[in-house]
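Residue numbers (our numbering), protein chains in the order written: chain A, 348 to 685; chain B, 348 to 685.
Heads up, the thing below is written out as structure tokens.
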DNA sequence: GACTGGCACTTGACCCAGGGGAGTGCCAAC
DNA sequence: GTTGGCACTCCCCTGGGTCAAGTGCCAGTC
């Protein structure tokens with residue numbers, strides 16, 4: 348028995364099942380793919396594939412459907428890249444150009460990704476801890492309030508208002524501004540935070556209260572976990588495609604995308620490559636039958652955060668993978684411009 | 348036949364149907380409410396209520412369910428206010444205190460509202476056009492880039508980066524800063540935008556390119572429709588409660604909450620009072636069986652934006668209405684502090 | 001005139017059996 | 001290794017029959 352053909356059969360089963368959503372039998376398989384052998388032969392291959400755990404039958408007299416292991420094999424060895432159509436490329440481009448700020452980029456990319464893949468799209472906001480400080484501004488407001496603005500290399504702008512106990516002198520502020528700049532410019536945020544902490548003692552004791560208040564607020568902003576966890580979700584309407592059984596198929600996903608923590612886990616570590624996690628590989632037991640396609644994105648060569656889609660395991664992997672990496676590429680480029 | 352009792356019957360039907368999700372018959376009605384009459388009498392009342400269009404039967408031999416008109420009557424005349432429990436009050440309070448910025452306030456309130464009502468919660472970000480300018484900052488960045496920061500009375504901070512053709516002098520910038528401040532401080536954003544436009548001609552012709560670039564960007568920021576349309580949605584998992592028929596009950600809502608424009612329409616105009624829109628009153632044909640409870644919220648006495656919930660018409664109106672107005676109150680207070 | 005008990009009627013929900021069809025596994029033959 | 005044939009399995013659909021809930025109506029009572 349030829350090993351090659353057996354893999355061809357697996358590929359055909361995955362493709363057909365993804366297309367029709369129905370168990371695929373030996374007869375329809377030979378009809379739709381020119382395999383050059385009879386249904387009986389295919390059946391032999393099928394039992395072999397089933398023995399190895401790549402496919403399974405919902406019930407005795409039904410066709411076969413791929414198992415998670417089958418999908419994995421498909422993704423790893425059988426899928427051929429499916430380049431985006433020019434129309435799709437153009438869609439991404441027109442969607443993302445015209446974004447005015449980082450918020451906008453994220454919102455738009457989540458929309459376009461959901462639309463391209465017909466799945467639920469997830470985009471993590473550019474990570475703070477992985478960016479560097481591009482600019483810090485300290486602005487006196489009315490009274491003893493001070494506005495702090497941090498601009499990061501990823502174009503993200505964070506601001507905080509600090510209520511001070513006394514109104515600081517202009518001189519102190521400009522001094523502070525200069526020293527903060529010297530200490531943090533170009534540094535990664537976590538390091539910048541450390542540098543700032545060291546800085547407090549270099550100031551006159553009288554100024555300490557003001558300096559401390561400002562510097563610690565900045566530090567907090569730099570290491571603020573919450574903003575590192577920000578996530579945008581889109582395409583919830585595509586949950587329809589998860590199947591008809593609401594309770595087992597749709598509800599868990601709906602619940603997962605409400606929980607930022609779960610979502611972050613799903614997206615996974617921002618490794619640079621495209622990652623596909625199928626079924627149990629998602630690390631979430633309640634998400635049987637769902638798969639996550641994710642990748643890191645970043646300005647330049649630096650990974651800033653992750654984005655991806657979550658959909659049913661019976662998804663069009665080549666198309667989804669192409670869309671995810673294309674959007675990631677464009678988002679990275681778009682952020683570099685901001 | 349007593350009109351009073353007939354309304355009592357309607358109230359009982361609404362309450363039972365909301366509680367059980369099943370058509371309610373004359374027998375169970377007299378059992379669960381001490382109406383003091385026999386099922387047969389109730390039946391007579393029921394045909395009257397049905398003739399007037401307040402209730403209907405799914406099929407000939409089933410119990411009655413309220414029509415949209417019935418719910419409306421219930422909300423308008425029959426519902427008794429159901430004050431929040433102390434635990435619920437505390438939940439709102441602890442959820443909203445500790446919010447670091449406006450973004451955070453909105454995110455948290457959408458969560459708490461969804462949790463309290465077990466419905467889909469919608470919170471519109473504080474409107475820009477209805478706020479006034481609290482502070483504007485113009486900061487020179489590296490090269491010929493300039494950072495513009497706008498702080499509004501609602502605590503919202505918008506920022507834009509402008510790429511200029513030439514590097515402006517410090518003197519020009521501080522002049523600009525002063526004049527912009529004078530022209531816009533305390534003004535509503537649309538008016539501030541007009542004032543800025545008038546300002547350009549008061550500058551030296553040589554400075555015009557720089558001034559124009561900065562001022563028009565500010566203007567755009569003030570009148571940016573997109574940010575006026577920003578909305579947070581939460582509690583999508585509660586869609587479960589909309590019923591079991593995915594296509595007719597859940598999908599339309601899912602689609603609606605993906606579309607900002609539709610959402611904004613749903614929330615409706617930011618009138619000051621609590622508004623309940625039932626079925627067709629939502630103005631959206633595909634949302635049969637859903638109702639929207641919304642209200643304006645604001646700092647001080649000024650309406651800034653709207654928030655609310657969308658749920659099935661068979662919802663617990665008194666509880667939902669109480670939760671929505673309570674959250675609105677707290678959000679308003681919380682924004683005033685920021 | 002309002003209320004009540006009784007009763008026939010309607011109708012969806014549930015259960016069960018039987019036929020049809022798609023697909024399989026196995027086997028003997030090539 | 002491949003193929004056609006064939007018996008078998010099991011889901012799906014349909015139809016009929018029962019059941020329970022609830023109604024509408026009517027005659028009688030207060």
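Even for Gly, the Cβ is constructed at its ideal location relative to N, Cα and C.
Which class does residue i belong to by DSSP, given the choice of helix, strand or coil?
i, result
"residue 414 of chain B", "coil"
"residue 484 of chain A", "strand"
"residue 641 of chain B", "strand"
"residue 454 of chain A", "helix"
"residue 654 of chain B", "strand"
"residue 649 of chain B", "coil"
"residue 622 of chain A", "strand"
"residue 510 of chain A", "strand"
"residue 535 of chain B", "strand"
"residue 590 of chain A", "coil"
"residue 437 of chain A", "helix"
"residue 674 of chain B", "helix"
"residue 602 of chain B", "helix"
"residue 628 of chain A", "helix"
"residue 449 of chain B", "helix"
Does any residue of chain A bring its CB to less than 8 Å from the CB of residue i?
i, result
"residue 462 of chain B", "no"
"residue 550 of chain B", "no"
"residue 583 of chain B", "yes"
"residue 587 of chain B", "yes"
"residue 628 of chain B", "no"
"residue 569 of chain B", "no"
"residue 309 of chain B", "Since the first and last residues shown for chain B are 348 and 685, residue 309 of chain B lies out of range."
"residue 524 of chain B", "no"
"residue 477 of chain B", "no"
"residue 598 of chain B", "yes"
"residue 435 of chain B", "no"
Where does the unbroken alpha helix (DSSP H) through residue i begin, and where does it stop?
i, result
"residue 528 of chain A", "517 to 531"
"residue 565 of chain A", "555 to 569"
"residue 476 of chain A", "It is not in any alpha helix (DSSP H) - residue 476 of chain A carries neither H nor E in the DSSP assignment."
"residue 470 of chain B", "Here residue 470 of chain B belongs to no alpha helix (DSSP H); instead the beta strand (DSSP E) covers 467 to 471."
"residue 499 of chain B", "From DSSP, residue 499 of chain B is part of no alpha helix (DSSP H) but of the beta strand (DSSP E) over 492 to 499."
"residue 578 of chain A", "Element bounds for residue 578 of chain A: not the alpha helix (DSSP H) but the beta strand (DSSP E), 578 to 581."
"residue 395 of chain A", "386 to 398"
"residue 633 of chain A", "Where residue 633 of chain A is concerned, there is no enclosing alpha helix (DSSP H), given that its DSSP letter is neither H nor E."
"residue 612 of chain B", "607 to 614"
What are the boundary residues of the beta strand (DSSP E) that includes residue i?
i, result
"residue 354 of chain A", "Note, residue 354 of chain A: premise wrong, no beta strand (DSSP E); alpha helix (DSSP H) at 350 to 367."
So is residue i buried or exposed if we call it buried at 16+ other beta carbons inside 10 Å?
i, result
"residue 551 of chain B", "exposed"
"residue 406 of chain B", "exposed"
"residue 482 of chain B", "buried"
"residue 556 of chain B", "exposed"
"residue 676 of chain B", "exposed"
"residue 410 of chain A", "buried"
"residue 415 of chain A", "buried"
"residue 366 of chain B", "exposed"
"residue 394 of chain B", "exposed"
Of all Cβ atoms in chain B, is any one closer than 8 Å to the Cβ of residue i?
i, result
"residue 503 of chain A", "no"
"residue 496 of chain A", "yes"
"residue 506 of chain A", "yes"
"residue 442 of chain A", "no"
"residue 486 of chain A", "yes"
"residue 510 of chain A", "no"
"residue 534 of chain A", "no"
"residue 399 of chain A", "no"
"residue 576 of chain A", "no"
"residue 538 of chain A", "no"
"residue 381 of chain A", "no"
"residue 421 of chain A", "no"
Quiz item: Pairing CB atoms from the segment 492 to 510 of chain B with CB atoms from the segment 465 to 475 of chain B, are three or more of them under 8 Å?
Solution: yes
Exercise. Evaluate contact between the segment 424 to 434 of chain A and the segment 350 to 370 of chain A, counting only Cβ atoms and requiring at least three cross-stretch pairs below 8 Å.
Key: yes
Quiz item: On the three-pair Cβ rule with 8 Å, is the segment 637 to 648 of chain B touching the segment 669 to 678 of chain B?
Solution: yes
Quiz item: Does the segment 578 to 585 of chain A come within contact of the segment 453 to 465 of chain A, defined as at least 3 CB pairs closer than 8 Å?
Solution: yes
Quiz item: Between the segment 618 to 637 of chain B and the segment 654 to 670 of chain B, are three or more C-beta pairs nearer than 8 Å?
Solution: yes
Quiz item: Should the segment 383 to 396 of chain B be regarded as contacting the segment 441 to 450 of chain B, the criterion being three or more beta carbon pairs within less than 8 Å?
Solution: no
Quiz item: Does the segment 508 to 528 of chain B come within contact of the segment 489 to 496 of chain B, defined as at least 3 CB pairs closer than 8 Å?
Solution: yes
Exercise. Would you check if there are 3 or more beta carbon pairs closer than 8 Å linking the segment 602 to 615 of chain B to the segment 533 to 552 of chain B?
Key: no
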